[in-house]
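Beneath this line is the structure, given in structure tokens, with notes to follow.
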Amino acid sequence: MGMLEVGQIVFSKSGRDKGRSFIVVSVEEEYVYLADGDLRKVENPKRKKNKHIQRTNDVIDWIKQKIIEENVSNADIRKGIKEYLIKTSI
Numbered sequence: 004m005g006m007l008e009v010g011q012i013v014f015s016k017s018g019r020d021k022g023r024s025f026i027v028v029s030v031e032e033e034y035v036y037l038a039d040g041d042l043r044k045v046e047n048p049k050r051k052k053n054k055h056i057q058r059t060n061d062v063i064d065w066i067k068q069k070i071i072e073e074n075v076s077n078a079d080i081r082k083g084i085k086e087y088l089i090k091t092s093i
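Under our numbering, the very last position in the sequence shown is 93; numbers go up by exactly one each time.
Next up, the structure:
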């Protein structure tokens, strides 16, 4: 898989949040900042090393656009994750 990008769905591979789904809200060289809209809000995203997350190929475009515009809410993040989980469970 390629580089991580804003709006991408990822899963935590380690830590007490193991298995939890997140959306990437910011990318640095070796770290990403993740939010789930519930325990990890957009205002205080989780900083995690790239090697500690499982990437998916799915980017939620409308959330990506809102993050770029700095207009994303925690409800948007929760809705995006919920829609993704419903879509992939079928």
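Every residue, glycine too, gets a C-beta built ideally from N, C-alpha and C.
Just so we're clear, the structure is a prediction, and the values are computed from it rather than from any experiment.
Listed as beta-bridge partners of lysine 51 by DSSP are Val35.
With distances taken between CA atoms, aspartate 20 lies nearest to Leu42 out of Met6, Val30, Leu42.
Annotation for isoleucine 70: Val9, Gly10, Val28 place their beta carbon closer than 7 Å to its own, counting only its chain and skipping 5 residues before and after.
In the three-state reduction of the DSSP assignment, isoleucine 63 falls in the coil class, being assigned neither a helical nor a strand state. If you check the CB distance, isoleucine 56 and leucine 7 come in under 9 Å.
Counting along the chain, no alpha helix (DSSP H) covers serine 17, and no H or E run does either.
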